[in-house]
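Residue numbers (the numbering used here): 1 to 854.
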């Protein structure tokens with residue numbers, strides 16, 4: 001079915017363009033003023049056409065064409081781009097099947113770093129697209145680009161006053177809406193002002209700000225640890241059933257500024273800054289019932305009916321838990337840069353210096369209460385199955401078990417500078433050379449004091465002190481919104497917080513000093529990474545052929561300090577490791593333009609993928625509350641990839657394109673995270689019924705091969721009102737192979753075999769409208785040991801729409817609908833979609849708003 005869809009993309013493009021062959025690329029009959037969607041599409045296509053390598057662009061007006069909440073969702077509509085969603089919003093971006101941590105993220109060409117704790121993956125939900133000039137996805141590296149970025153480079157380009165036709169420009173928009181699941185009113189607004197001034201308009205200043213607040217619910221279903229068991233109709237059984245209703249309040253605030261001075265035609269200077277902050281408050285009371293663990297399912301108390309789907313657990317073997325987590329996250333990134341350009345005859349120098357400071361704070365208290373409910377009935381007939389006690393535990397039966405106060409801070413500081421020289425050799429030929437230095441300093445600190453239940457005389461229950469709350473109804477199933485999972489008793493949050501403040505560390509809630517020390521110390525690390533680079537390349541024109549050979553050298557030096565618990569003791573000891581390596585990164589790009597409207601590109605490049613920061617730590621982290629251990633591996637080698645790309649592009653009409661490309665990546669030292677599940681084990685002196693240990697390793701090799709296609713056209717050749725219609729189709733097919741140390745073959749994490757999307761848009765007179773569908777195919781999430789512990793993201797299909805009406809020349813009203821099919825995010829285990837480990841539902845969101853431009 002999906003093969004047919006990709007074929008249909010190309011077939012419909014060829015058919016439609018046959019109608020457009022008489023439309024010239026440039027209208028010889030006079031100037032035609034193009035605005036709105038068509039203008040933004042033409043600017044994006046023009047940037048792609050003029051690029052040396054393979055480039056896709058979302059231009060400023062195009063960013064607001066669909067109801068995308070952040071940059072990740074904006075670029076999801078470009079070919080070859082897959083997005084991982086969190087709580088219904090796009091967050092991490094993979095390019096051509098390569099995981100997000102192997103991309104490079106830049107701001108105006110300078111590495112931006114990221115505030116996301118321990119990873120190189122920039123969470124693009126932190127950035128609003130409304131303040132940007134454009135977002136570029138560079139899929140082919142040339143020698144003047146950083147070596148990091150096997151998938152590609154996501155470059156965020158900010159606005160300047162010299163980007164606008166008029167000397168003064170003001171744009172503002174605002175919208176308010178409704179969330180389906182909780183009837184809250186999300187709001188969003190942005191404003192930007194640009195002004196050129198001076199006798200010759202040689203000065204320019206741009207200021208912008210954005211704000212959004214979204215208060216919403218998500219309804220989730222999260223079983224754990226499926227394992228094979230032939231007695232069951234699904235071929236296996238999970239340990240438990242878990243579900244929760246998350247209540248979230250997400251806020252984003254952003255600001256940009258640019259001061260530019262063009263004192264002459266040969267000299268420019270600039271100072272620019274970007275600030276973006278994301279905060280989230282989350283309340284999640286979670287229901288958990290352990291009814292089918294290996295220790296229970298193998299006893300006579302576990303009675304499975306002949307249908308292999310239904311059954312009963314008798315006695316007191318099943319354990320019921322109620323957890324409450326009150327999560328607060330804040331992330332900000334701030335970058336300031338200054339630089340300019342100087343022309344000295346045939347030589348042009350461009351220079352930039354920048355400082356970035358990024359920070360993440362994640363803190364939450366976590367309470368756990370437990371009981372043994374007695375008889376449990378279960379039914380696996382539906383994929384989102386049911387299991388519940390015959391008689392639910394009361395608040396007076398729910399005994400306190402553990403309290404943790406989690407506090408995690410990560411801070412990143414980056415100093416960097418670069419200089420690029422371009423020498424004009426004449427005849428369109430240029431020689432380019434330059435150098436760069438980056439110094440990154442990252443600290444990660446975690447505190448996790450742990451308090452446990454006291455001896456028998458001092459134990460207490462949820463109901464004993466009036467700490468319980470009402471039962472709530474969780475509805476995680478989009479296919480059956482009437483299906484209710486009862487979660488109760490929950491919590492009286494204010495009473496629970498006051499009780500905890502009063503009794504923490506006392507007789508009722510004593511400190512577990514050993515666990516506190518382990519949880520708090522072993523996750524900490526400090527890391528410095530220094531990268532020096534130099535390059536040389538040329539652009540040489542031979543008629544219709546441009547050849548761009550280049551060579552870049554990068555030297556990386558890393559120093560990292562982590563912490564481990566000394567065997568058999570409670571002593572935490574620091575461990576430091578230093579590492580350095582150098583890489584020669586050749587590249588060559590051939591661009592053939594046999595006609596004004598046709599371009600062929602062929603490229604070879606070598607690129608790097610440095611390991612995640614936390615993966616390099618000699619220590620690790622322990623989550624005793626959830627039975628999870630993450631270990632680092634300072635001996636990891638960086639990914640090194642040889643990349644081949646070939647594309648063909650036909651620009652058959654203004655705003656029209658038909659393109660297809662193939663790509664191949666041969667990757668050495670790929671890193672994978674292996675999840676090992678241990679049962680009834682002791683780790684660092686603590687007993688666990690189930691313990692998940694995750695550690696990264698280098699595999700021997702891997703490769704990625706794929707095909708991507710794009711077709712876009714405005715049907716201006718149709719008569720009357722029909723001429724306002726247009727269509728955009730994208731499709732990507734990707735295959736990958738990762739050879740693991742145990743000889744098992746796997747795909748790369750986050751690599752979807754199929755990505756495809758379709759957008760129908762309309763622009764005629766005062767009316768603009770778009771409806772877009774996008775499918776991100778299922779992808780490996782984490783590699784398990786044994787293999788049935790592999791985890792996958794399921795297919796994600798989204799349908800969004802937007803329509804606007806220009807009431808006046810400068811005032812537009814619009815309406816938006818997001819996630820119109822109420823699509824959940826799903827995860828499953830062992831490649832078996834019946835082994836569900838997550839089904840999270842967010843509902844639909846609708847907005848009305850207005851925008852003004854002067």
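Yeah, the Cβ is synthetic: ideal placement off N, Cα and C, and Gly gets one too.
The model shown is predicted, which means the values in this text are computed figures rather than measured ones.
{"Query": "Leaving out five residues before and five after residue 130 in sequence, what residues of the same chain have Cβ atoms less than 6 Å from its Cβ?", "Result": "190 and 210"}
{"Query": "According to DSSP, is residue 42 part of a helix, a strand, or is it coil?", "Result": "helix"}
{"Query": "For the beta strand (DSSP E) holding residue 596, just list the boundary residues, first then last.", "Result": "Residue 596 -> no beta strand (DSSP E), and no H or E assigned at all."}
{"Query": "So residue 329 packs on residue 280, CB below 8 Å; how close in whole Å?", "Result": "5 Å"}
{"Query": "DSSP on residue 500, reduced to helix/strand/coil?", "Result": "helix"}
{"Query": "Please go through the same chain and pick out, in chain order, the residues whose beta-carbon is closer than 8 Å to the beta-carbon of residue 492, but skip the five residues on each side of it.", "Result": "466, 467, 468 and 469"}
{"Query": "Out of 343, 243 and 654, point me to the one whose CA is closest to residue 263's CA.", "Result": "343"}
{"Query": "Which term fits residue 842, buried or exposed, when burial requires 16 or more other beta carbons within 10 angstroms of its beta carbon?", "Result": "buried"}
{"Query": "Cα-Cα, which of 777, 787, 811 and 783 is closest to residue 796?", "Result": "777"}
{"Query": "Name the residue from 738, 574, 115 and 310 whose alpha carbon lies nearest to the alpha carbon of residue 522.", "Result": "574"}
{"Query": "Does the beta-carbon of residue 267 have 16 or more other beta-carbons within 10 angstroms, so that it is buried, or is it exposed?", "Result": "exposed"}
{"Query": "Determine, using beta carbons only, whether residue 220 and residue 229 come nearer to each other than 8 Å.", "Result": "no"}
{"Query": "Given residue 23, which residues of its chain have a CB within under 6 Å of its CB, disregarding the five upstream and five downstream residues?", "Result": "Residue placement at residue 23 cannot be trusted, given a pLDDT of 33 that sits under 50; what the coordinates show is reported in the next sentence. Only 653 meet the Cβ criterion."}
{"Query": "If you follow the alpha helix (DSSP H) that residue 127 is in, where does it begin and where does it stop?", "Result": "That residue, residue 127, is in no alpha helix (DSSP H); it is neither H nor E in DSSP."}
{"Query": "Just verifying my parser: in three-state terms, what is the DSSP assignment at residue 517?", "Result": "helix"}
{"Query": "By the DSSP assignment, the alpha helix (DSSP H) with residue 816 in it spans what residues?", "Result": "From DSSP, residue 816 is part of no alpha helix (DSSP H) but of the beta strand (DSSP E) over 811-818."}
{"Query": "Could you spell out the range, first to last residue, of the alpha helix (DSSP H) harbouring residue 185?", "Result": "Residue 185 -> no alpha helix (DSSP H), and no H or E assigned at all."}
{"Query": "Using a Cβ-Cβ cutoff of less than 8 Å, which residues in the same chain neighbour residue 435 once the five nearest sequence positions on both sides are dropped?", "Result": "418, 419, 532, 533, 534 and 535"}
{"Query": "State the DSSP-derived secondary structure class of residue 718, mapped to helix, strand or coil.", "Result": "coil"}
{"Query": "What span of residues does the alpha helix (DSSP H) with residue 677 cover, start to end?", "Result": "First-last for residue 677: 671-683, but that is the beta strand (DSSP E), not the alpha helix (DSSP H)."}
{"Query": "Note the first and the last residue of the continuous beta strand (DSSP E) segment covering residue 274.", "Result": "267-290"}
{"Query": "In whole angstroms, what is the alpha-carbon distance linking residue 242 and residue 616?", "Result": "33 Å"}
{"Query": "Looking only at C-alpha atoms, which of 595, 635 and 586 sits nearest to residue 576?", "Result": "635"}
{"Query": "Who does residue 111 pair with in a DSSP beta bridge?", "Result": "106"}
{"Query": "Got a sec? Which residues, its chain only, sit under 6 Å from residue 660 by beta carbon, not counting five neighbours each side?", "Result": "648 and 709"}
{"Query": "Who are the Cβ neighbours of residue 495 in its own chain at under 8 Å, not counting the five residues just before and after it?", "Result": "465, 466 and 467"}
{"Query": "Quick one: Cα of residue 351 to Cα of residue 666, how far?", "Result": "34 Å"}
{"Query": "Compare the C-alpha of residue 411 against each of 385, 361 and 366 and name the closest.", "Result": "361"}
{"Query": "Short check: CB of residue 283 to CB of residue 317, under 8 Å?", "Result": "no"}
{"Query": "Have a look at the DSSP bridge pairing and note the partners of residue 389.", "Result": "376"}
{"Query": "Answer yes or no: does any C-beta atom of chain B fall closer than 8 Å to that of residue 784?", "Result": "No chain B appears in this structure, which consists of one protein chain only."}
{"Query": "If you measure between the beta carbons of residue 519 and residue 450, is that distance less than 8 Å?", "Result": "yes"}
{"Query": "What is the rounded straight-line gap between the Cα of residue 557 and the Cα of residue 563?", "Result": "20 Å"}
{"Query": "Measuring alpha carbon to alpha carbon, tell me which of 633, 670, 113 and 690 ends up nearest residue 357.", "Result": "113"}
{"Query": "Measuring alpha carbon to alpha carbon, tell me which residue in 321, 365, 277 and 482 is nearest residue 331.", "Result": "277"}
{"Query": "Check for me: the beta strand (DSSP E) holding residue 629 runs from which residue to which?", "Result": "628-631"}
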